[in-house]
Each structure stands twice: as C-alpha cells, then as structure tokens.
Amino acid sequence: MKSELELRGVQQRFHARGVASGYITAVDDVSFTLAAKPPQVVSLVGQSGSGKSTIARNVLGLQKPTAGSVLYGGKDIFKLSRAEYDAYRRDVQPVFQDPYAIFNPFYRVDRVLWKALKKFGLTKSRSKGLELIEESLRAVRLEPENVLGRYPHQLSGGQRQRIMLARVHMLRPSFIIADEPVSMLDAQVRKHFLDILLDFQREHAMTTLFITHDLSTVYYLGGEVMVINKGQIVERGPVSTVMHEPSHPYTKLLLDSIPQPDPDARWTSRISVDELEERADAKAAPAPEAPIL
Amino acid sequence: MPMRILTAVLRTIRNSPRLAIGLAILLVMVLIAVLSPLIVKGIGGSTDPLELAAYERWLVPGPGHLLGTDQFGRDVLAMVVSALSVSLQIGAIAGVISTVVGVVVAFVAGYKGGWIDGILSTFTGILLVIPTFPLLIALSAYAKNVSLFQVGVMISIFSWPFAAKTIRSQVLSLRSRPYVDLARVTKARDLEIITTELLPNLLPFIGVGFASSALGAIFGLVGLEVIGLGPGGVIDLGQIIFTAISTGALTLGAWPMFVVPIALLTLLFAALNMVNIGLEEVYNPRLRGVAGE
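As they're listed, the protein sequences go chains A and B. With this note's numbering applied, the first sequence closes on residue 293, and no number is skipped along the way. With this note's numbering applied, the second sequence closes on residue 1293, and no number is skipped along the way.
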C-alpha cells in the first residue's frame, strides 16, 4: 500500500478571550508530506507556543483542523471508511511528551501494551501476546521482569517513555509522531531514546516526525528539518544545511540562543529577542489575514 | 479488575482512620437495619411490639421496655430499630438515584462539552439554586399517601445536581489527560474511555456524591416528618421525633422517644461525614495530614 502522510494548508484556530480578533491561530497554512519510503526522520523545531504540538494532534486525528486537511494515502483522515481508519490508526502512532501523564495511574503499565495488542488484533493467544510484549520490551532495552506488573509510579521517566516505544515497536507503524518525547528525560536517557528511534528507522522502516524545541537532538538525528514560528513553517531542508547556513532570521535566532559548550566562548553578548523577532517578522512573508468569522 | 478495586479500597481504608471509623459505624447501623425484623420480633416475643395497644401506654423506660412505650402502647425500642431501617432505605434510594443521574449527566456534559455541556450545566445550575425544602413541602402536600420510594425519587430530583456539578469538573480535567489521547489512538470508543479510563479515577468523587445525597435525603425526610408531611404507613426516625414533640412526650417522662432518634441521626451524620472527609483526604493530597502513599 502506498502510504503517505500529507498536510495540506492546515490551519488551526482556537477561540481566545482578550484577543482583538477573538481567536488565536496556532497553526497557519502548514503543508508538508511525510513519505514512508524511504524511511526518514523529519524534525519539526520551534519554540514553545509555535504550534508544534497542535500539528501533532492534527496529524494524529485528535484535533480536527479549522481549515485544510490531513491526508493519509491521499484521503482525508476525518473521512475514512472503517477499514481505512483501522489502517490509518495502526500506521500512525504517537510517542507523547509526558511519560508520567501518559499512563492511567489506576492500572499496571502492562495494560498499555495488552490494549494495543487486543485493539489492533495482533494475536488472540495470551502466550503469544506475552511473547510479543517481551520481545518489544527487549527491543527498547528494557528487561520485561523489571517493568511488567508494575504501576506507573514505580518506574522512572525513562523506563516509562521506553514502554511507549515498545508499544510502537509492537505495532510497527509506518509513521511515528513523536511530540517532544525526550524533553522530560535526562541527557543520558535522551541519547538512548534517540538511538532506539534511529534503530526503528533502519530496522523496521519507520518514518518519524520528531517534534522538539531542542536543536541539539535535531542535529543528532539528522535527516530533514522544518523550522516553525508562530504557526508557520519558515524554513525547511536537510539538517546540515539549515544548521550551518540558516536563511531565515528566526532560525538564526534559534541557533544563537544555544550557549556554546566552550569555556573560551563565554555567553556574554546579550541577545535582544524582541529585536530579532521583529526582524524575523519583517522578513516572513506577510500572511494575508482573512478572518473567517 | 474487581480484585484491583478491592485492594484499592482496602488500602484506602488502612490509610485513613477517619474513613475506617465512619465505615464501621455505618456498617453496624446497616446491620441493625437489615436485622430489624428479627430484632423487633425478639423484643416482642409472641406479641408484635409495633401493634397499637400492644402494651400499656406511656410506660417509662424499664427492664421490660428499655426505652418505654408511646401514646399507643408501642415499644419505643422496636419503633426506633425499624425506623432506622426506613431512614437508611430512603438514604439508599435517593443516594443511588441521584448518584446515577448525577454521574450520567456529569459524564455526558464534561466529556462531550460544547452546547450539550452548556444546556446540561445551565439546567444543573438552575436546580441547584432552587430552594429545595419549600418545594418538597409543596410536593408532599399535594401527593397524599406517597410511598417511600416516591419520596426518595422526589428528594433525589433536588439532590443529583450537587453530585453532577463536582463530578463534571473532574471529568473536564481528566478528559484532556494524555492517557485519554493514547486510548483514542488505540481505537477506544468514547463509552469505553469513559468507563475504563475516567470512571475508576473518579470513584472517590462518586462515593462522596453518594454519601452526601444519602445524607441529604435522610435529613430531608426527617424535616418533612417533623412538620407532619411524610409518606404514609411507615415510621422513620423523623416521625418518632414528630410524635414526641406533638404529644409532649418529654413531659410524660418518655424522653427516649425524643433523644434516641436524634442521637441516632447525629451518629449517622457523623459517620457519613467521616466517610466523606476520609475519602477526600485520601484522594486530595493537599488535605492529607500525614504523608500518605
């Protein structure tokens, strides 16, 4: 099956009080395509509030965009037939940001894996299911006996986030939508996590949309990168090009905001965020504001 | 799953002496109520102690009649025991009805949101501010010879909004949790999410809702009885108080007719409130006196 995930002119507005227009535009006319073949890692970088997570929710079908559409295999994901919907759900799976809130505190962590097995009809037999679960846990370098039967609060953040990866490993989707998956992990666990993602890309041909605010993880993952600012994608291209020769002032601002890990290069110069943002705004194509209301 | 709930309940009880005491008192009262036909029989022996003119009128408390007899020669202890059972019944009827209605309304409003929530919340709000007691008086003055069940329904009409209001706000905060999103991308339907993801986490709130509606109903009925407007054919604690007042039992030395029902009601009130506070304490960390789990 030709699977491709495409965003076409996606716009997402939220009602907001105290704003002159009565709404805020979180995502503004975003279009891009994720191809399953060849498997790749595409990063989406931007600061807090730039609309990254909203895009993830749109792609996952958790939030219907105000305008534009999200297409899976050429069809709008909100108008899929039952069989197509099943395929889409199976094929597009998330890793969320918060490894604490992702587990229902009422249940053992195994439930997340068993639910996935059952809902996607991977196997009917319990012993086969347990086999699959253990295999997936080992694939994300977790010892099944250390995590199975535990409650979420008994596991560390890194362990929990890797259980979510094990879930993805079990389902083998073509697309992983990873929304800031490492922002709450410490540096060591973070690298571990990114390596597993890269493994998935190589061994199981999974394409990852990696959403982050952290440029160093983007650099580590490589592949393509898209820079988003105020709901608009302002720059895209291969990581090496964008990082070394940023063309958009906002990308430059992002790169300048990282302290150099060099004792001689003291981070003394003050960055005037306002000034840089103004320049970035001025350069960004003035989007025609067409109020829909 | 049932085992899981049972262990959770046991753990909760262990953590709160208040809850344990409250539940113990309640349990004893329920036992007395359930066994009331046997107890009444034991008191009367061959005669029915609740029959008119079973004994002499206005006997003072003594060995034969621990709490004396009333103006019709009925044994007061037997009356109190069966009245306790009636009062608990009304509490259970109204508690169950208002909890079920409250929970359904709360989940529909909180989970669906939008205009459905608007309508339901407005309706709940209107019922909340209507002064209940005058309306109950009017209703029972119209409805002559109503049964216990009908009175229960009447009282629950006004007591479900409290439960609905508190549970709705909890649903609002729970429905945007990441684990709900995860359930949605695992193809869980709305009803399944409500019953398996949200409901277990709301059990303490539902318990509090039940306890307070039951308490409200018992006291509502006492209020009606004290002014002489209760269901016909049954004696509840309020009616004994009413008779004690209207016949001037205190001046005749029949003080137990007045004191014992009031003491029982106070004890019931204290027990249910202890359960309420205990549940809140266990599930609201900010109220926890000592470090809990």
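We put the CB at the ideal spot given by N, CA and C, even for glycine.
For a cutoff of 9 Å on Cβ pairs, would you count residue i as touching chain A?
| i | result |
| --- | --- |
| B:P1204 | no |
| B:T1186 | yes |
| B:Y1179 | yes |
| B:A1008 | yes |
| B:L1182 | yes |
| B:R1004 | yes |
Is it true that the CB of residue j sits closer than 9 Å to the CB of residue i?
| i | j | result |
| --- | --- | --- |
| B:L1148 | B:V1222 | no |
| B:P1161 | B:L1182 | no |
| A:V41 | A:L5 | no |
| A:F14 | A:R236 | no |
| A:A87 | A:M170 | no |
| A:V30 | A:G223 | no |
| A:K332 | A:A205 | Because chain A spans 1 through 293 in this model, residue 332 of chain A falls outside it and cannot be assessed. |
| B:S1046 | B:S1082 | no |
| A:S69 | A:F175 | no |
| A:D159 | A:L148 | Sequence inspection shows Gln at residue 159 of chain A; the Asp mentioned does not correspond to that position. It is not a contact, given that the beta carbons lie outside the stated cut-off. |
| B:V1151 | B:I1240 | no |
| B:A1244 | B:F1258 | yes |
| B:L1279 | B:S1016 | yes |
| B:A1033 | B:L1084 | yes |
| A:M184 | A:P263 | no |
Along the beta strand (DSSP E) that carries residue i, what are the first and last residues, could you check?
| i | result |
| --- | --- |
| A:T25 | 23-35 |
| B:V1060 | Taken as a continuous stretch (DSSP letters only), B:V1060 belongs to no beta strand (DSSP E), as it is neither H nor E. |
| A:V70 | 67-72 |
| A:L155 | Careful: A:L155 lies outside any beta strand (DSSP E) and carries neither H nor E. |
| A:E224 | 224-229 |
| B:T1196 | No beta strand (DSSP E) contains B:T1196, which DSSP labels as neither H nor E. |
| A:T207 | 207-212 |
Grab the span of the alpha helix (DSSP H) containing residue i for me, first residue to last.
| i | result |
| --- | --- |
| A:L148 | Segment: none, A:L148 is in no alpha helix (DSSP H) and carries neither H nor E. |
| B:S1173 | 1148-1174 |
| A:I233 | Premise fails: A:I233 lies in the beta strand (DSSP E), 232-238, not in any alpha helix (DSSP H). |
| A:R8 | Element bounds for A:R8: not the alpha helix (DSSP H) but the beta strand (DSSP E), 4-15. |
| B:A1217 | 1199-1226 |
| A:L254 | 249-256 |
| B:V1081 | 1076-1107 |
| A:V59 | 52-59 |
| A:V189 | 187-204 |
| B:Q1239 | 1237-1246 |
| A:V182 | No alpha helix (DSSP H) contains A:V182, which DSSP labels as neither H nor E. |
By a C-beta neighbour count over all protein chains shown, 10 Å radius and 16 as the cutoff for buried, is residue i buried or exposed?
| i | result |
| --- | --- |
| B:I1116 | exposed |
| B:R1014 | exposed |
| A:A285 | Confidence at A:A285 is low in this model, with a pLDDT of 47, below 50, so its placement is unreliable and the value that follows should be read with caution. Answer is exposed; the Cβ neighbour count stays below 16. |
| B:Y945 | There is no way to answer for residue 945 of chain B, as the model of chain B reaches only from 1001 to 1293. |
| B:Y1111 | buried |
| A:A67 | exposed |
| B:V1275 | buried |
| B:G1068 | buried |
| B:H1065 | buried |
| A:F106 | buried |
| A:Y151 | exposed |
| B:F1269 | exposed |
| B:P1261 | buried |
| B:G1216 | buried |
| A:A166 | buried |
| A:R138 | exposed |
Residue i touches chain A at which residues, Cβ-Cβ below 7 Å?
| i | result |
| --- | --- |
| B:E1197 | N104 |
Can you name the residues of chain A whose CB is closer than 9 Å to the CB of residue i?
| i | result |
| --- | --- |
| B:N1201 | N104, P105, F106 |
Give me the chain B residues within the contact set of residue i, using Cβ-Cβ distance strictly less than 7 Å, ordered along the chain.
| i | result |
| --- | --- |
| A:R89 | V1185, K1187 |
| A:P94 | V1185 |
| A:K79 | Ordered by position in chain B, no residue passes the 7 Å Cβ test against A:K79, which lies about 17 Å from the chain. |
Does any residue of chain B bring its CB to less than 9 Å from the CB of residue i?
| i | result |
| --- | --- |
| A:Q97 | yes |
| A:F200 | no |
| A:A116 | yes |
| A:G61 | yes |
| A:D86 | yes |
| A:V19 | no |
| A:L293 | Here A:L293 scores only 48 on pLDDT, less than 50, and its place in the model should not be relied on; the value that follows carries that caveat. Taking Cβ atoms only, chain B never reaches closer than 9 Å to A:L293, which makes this a no. |
| A:V112 | yes |
| A:R8 | no |
| A:R299 | It is not possible to answer for residue 299 of chain A, since the shown part of chain A is limited to 1 through 293. |
| A:R172 | no |
| A:R57 | yes |
Which residues in chain B have a C-beta closer than 9 Å to the C-beta of residue i? List them in chain order.
| i | result |
| --- | --- |
| A:A101 | R1177, P1178, Y1179 |
Can you pull the chain B residues whose beta carbon is under 8 Å from the beta carbon of residue i, in chain order?
| i | result |
| --- | --- |
| A:K119 | T1186, K1187, A1188 |
I want to see whether chain E comes within less than 9 Å of residue i, judged by CB atoms only; does it?
| i | result |
| --- | --- |
| B:L1279 | Of the protein chains in the structure, A and B, none is chain E. |
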